[in-house]
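Residue numbers (my numbering): 5 to 171.
All C-beta atoms, glycine included, are put in the ideal place defined by N, C-alpha and C.
What follows is a set of notes on a single structure, which appears directly below.
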Amino acid sequence: MVEFGLCYGDDEEVFVNDVGEENTEEAKLDEMIGVLQDILIDPEFVDMQSDFCRHNCEIFDNVSENKLIYMDIFQQYTDLIETFIDRRLHEKLENFSMEELCNQFQEHEDEIPPEVLDVLLSSIDFEEFKSLMVSFKQNETPCIEITGDALATSSSISHEGGHVSYL
């Protein structure tokens, strides 16, 4: 850890900036978020998620009572999304640890882009998942447009240049 300080009489040290470990941790988090954003706009991921939702959405109803089969489908979706993301993160990040990613996200929750949180929540939060499935059923394919830090919503699908948008 690098520490910068100023010395004043009586050898008292006043720290101006303590940057070493903090910057390394922040750089790691930024890299993980960047890789996650790349994964989420990858046409392979987008197609996989859309195909799964289109294939299973007809079973879902927009009512408060849930059918037992919903949980089976939710588990399949969770396994599919988590396996894909985990595999890609291991490919792209040297010494990647899912535990470290989860810890970083908990510590820096307010710094995580909303579009990344939305996709991750759909794989761990049943109500988010159900909402996604109901949207697909109603032919309101949820828009997830990831271009840097921006998230936009709309209702059809478009693959443009360097970004993917569900419009």
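Assigned secondary structure, residue i (DSSP; H/G/I helix, E/B strand, else coil)
i: Asp55; result: helix
i: Glu69; result: coil
i: Pro117; result: coil
i: Asn99; result: coil
i: His94; result: helix
i: Gln110; result: helix
i: Asp129; result: coil
i: Ser27; result: Checking the displayed sequence, the identity of residue 27 turns out to be Asn instead of Ser. Three-state result, Asn27: helix.
i: Asn143; result: coil
i: Asp122; result: helix
i: Asp83; result: helix
i: Asp46; result: coil
C-beta atoms of residue i and residue j nearer than 8 Å
i: Glu35; j: Leu121; result: no
i: Ile85; j: Ser127; result: yes
i: Phe78; j: Met52; result: no
i: Asn2; j: Met137; result: This structure gives no information on residue 2, because the portion of the chain shown stretches from 5 to 171.
i: Ile43; j: Arg92; result: yes
i: Tyr81; j: Phe133; result: yes
i: Met102; j: Asp90; result: yes
Selected residue, minimal CA-CA separation from residue i, among the options
i: Asn143; options: Ser54, Ile116, Phe100, Asn107; result: Ser54
i: Asp129; options: Glu95, Lys71, Glu111, Met75; result: Met75
i: Val123; options: Lys71, Ile37, Asp65; result: Ile37
Proximal residues to residue i (C-beta, below 7 Å), its chain only, five neighbours per side dropped
i: Cys57; result: Leu136, Met137, Phe140
i: Phe109; result: Ile116
i: Leu125; result: Glu132
i: His94; result: Phe100
Beta-carbon proximity list for residue i, same chain, < 8 Å, skipping 5 on both sides
i: Leu33; result: Gln108, His112, Glu115
i: Ile73; result: Ile63
Start and end residues, alpha helix (DSSP H) containing residue i
i: Phe64; result: Per DSSP, Phe64 belongs to no alpha helix (DSSP H) and is neither H nor E.
Residues near residue i in its chain [Cβ-Cβ closer than 6 Å; skip 5 each side]
i: Leu40; result: Val120
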